[in-house]
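Visitor:
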Amino acid sequence: MLFSPGWRGSVRQDELLAVFTLGLLFGGTLSATVLWLLSGLAEPLPSGARAWLVVAVAVLGALREFGLVRLPLPQNARQIPQEVLQTRLRRGTLQFGFELGTGVRTYVSASTPYVLALGLLLSHQGPLPSLLAGLAFGAGRALSAALTLWSRDPDRDAAIAARLPWITRLTALTLPTALALLALHPLP
Amino acid sequence: MQPLTAGRARRGLTEPLLPVAALALLAVAAAALDATVLCWTSVGALAGFALSGSV
Chain A
1 MLFSPGWRGS
11 VRQDELLAVF
21 TLGLLFGGTL
31 SATVLWLLSG
41 LAEPLPSGAR
51 AWLVVAVAVL
61 GALREFGLVR
71 LPLPQNARQI
81 PQEVLQTRLR
91 RGTLQFGFEL
101 GTGVRTYVSA
111 STPYVLALGL
121 LLSHQGPLPS
131 LLAGLAFGAG
141 RALSAALTLW
151 SRDPDRDAAI
161 AARLPWITRL
171 TALTLPTALA
181 LLALHPLP
Chain B
1 MQPLTAGRAR
11 RGLTEPLLPV
21 AALALLAVAA
31 AALDATVLCW
41 TSVGALAGFA
51 LSGSV
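Taken in order, these protein sequences are the chains called A and B. Each residue of the first sequence is one higher than the one before, counting from 1 in UniProt numbering. Each residue of the second sequence is one higher than the one before, counting from 1 in UniProt numbering.
Rendered as structure tokens:
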């Protein structure tokens, strides 16, 4: 959608990608800041219990992704309106990126972002890991858009759609593995 | 064997599963080495990339 040709022909697409990425990074950082502030509420729980609770959430996320557990996602069932991109293009793209980057302003259809959010909330990391995780969330979304632009593939949407189940399942499997390994080490 | 054209090379380099594999390895390796910050950063990137297809 963002890089579709036509009426945006006068604006360089790599410029749009840069602005979009900036918005995603802002959005991800904002959400991570909120999660970090709220994560203090989990502090009274013993660190070991918190770490394994995070693993349990990640396992649940993986089970959902493989269709073994039915779990509705508390996503904001709303699409960011197209008008955002049709008025001021650069500012609209920044807003579009920001809203996507927060992860709460539109559909979030995969389990992994919820595991990330609950993981940060429950594990009560320091500000650095929390903020970097939020920044990386935005960067991960930006990377997907960047690869779409760089591929110059007219059939990119079909390629993404074909691989999406693999992408979501591989990520969903990675999280419990990595977080269980982290849980073996005591939290600070 | 088909010749390696610029288009095919570009499609190969931008294969969506490549970042997933790289980030998954990074997350697990970081966790195994108790590199908490790097692990959570990789997990964040994976979570963002898992939403591919929505832009």
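Quick reminder that beta carbons are idealized off the backbone N, C-alpha and C, glycines included. These figures come from a predicted structure and were not determined experimentally.
Can you tell me whether TRP40(B) is buried or exposed, with buried defined as 16 or more other CB within 10 angstroms of its CB?
Guide: Counting from one through the second sequence, the residue named residue 40(B) turns up at place 40. Buried is the call here.
Visitor: Identify each residue in the region 40-52 of chain B for which the Cβ-Cβ distance to at least one residue of chain A is less than 9 Å, and report them in chain order.
Guide: Listed by position, the residues of the region 40-52 of chain B near chain A (Cβ gap below 9 Å) are TRP40, THR41, SER42, VAL43, GLY44, ALA45, LEU46, ALA47, GLY48, PHE49, ALA50, LEU51, SER52.
Visitor: DSSP on TYR107(A), reduced to helix/strand/coil?
Guide: On the first sequence, residue 107(A) is found 107 positions in, with the first residue counted as 1. DSSP places TYR107(A) in coil when its eight states are reduced to three.
Visitor: Tell me, please, whether the CB atom of ASP14(A) is closer than 8 Å to any CB atom in chain B?
Guide: On the first sequence, residue 14(A) is found 14 positions in, with the first residue counted as 1. Taking Cβ atoms only, chain B never reaches closer than 8 Å to ASP14(A), which makes this a no.
Visitor: Figure out for me which residue from GLY134(A), ALA18(A), SER47(A) has the closest Cα to the Cα of LEU184(A).
Guide: Here residue 184(A) refers to the residue found at position 184 of the first sequence. Per the Cα distances, SER47(A).
Visitor: 8 Å is my cut-off, CB to CB: does ALA32(B) come that close to chain A?
Guide: Residue numbering aside, residue 32(B) sits at position 32 when the second sequence is read from its first letter. Answer yes: the Cβ-Cβ gap between ALA32(B) and chain A drops below 8 Å somewhere.
Visitor: Does THR36(B) get closer than 8 Å to chain A when you measure Cβ to Cβ?
Guide: Residue 36(B) sits at position 36 when you count from the first residue of the second sequence. THR36(B) counts as touching chain A.
Visitor: Could you name the residues of the same chain whose beta carbon sits closer than 6 Å to that of GLY119(A), not counting the 5 residues immediately before and after it, in chain order?
Guide: On the first sequence, residue 119(A) is found 119 positions in, with the first residue counted as 1. Result list for GLY119(A): VAL54, in chain order.
Visitor: Using a beta-carbon distance below 8 Å, is LEU4(B) in contact with chain A?
Guide: Position 4 of the second sequence holds residue 4(B). No, no contact with chain A.
Visitor: Can you list, in chain order, the residues of its chain whose CB lies under 7 Å from that of GLY27(A), leaving out five sequence neighbours each side?
Guide: Here residue 27(A) refers to the residue found at position 27 of the first sequence. Only GLY97, PHE98, GLU99, LEU100, GLY101, THR102, GLY138 meet the Cβ criterion.
Visitor: Return helix, strand or coil for VAL19(A), following the three-state DSSP convention.
Guide: Counting from one through the first sequence, the residue named residue 19(A) turns up at place 19. Reduced to three states, the DSSP call for VAL19(A) is helix.
Visitor: DSSP three-state call for LEU53(A): helix, strand or coil?
Guide: Counting from one through the first sequence, the residue named residue 53(A) turns up at place 53. In the structure shown, LEU53(A) sits in a helix (DSSP, three-state: H, G or I).
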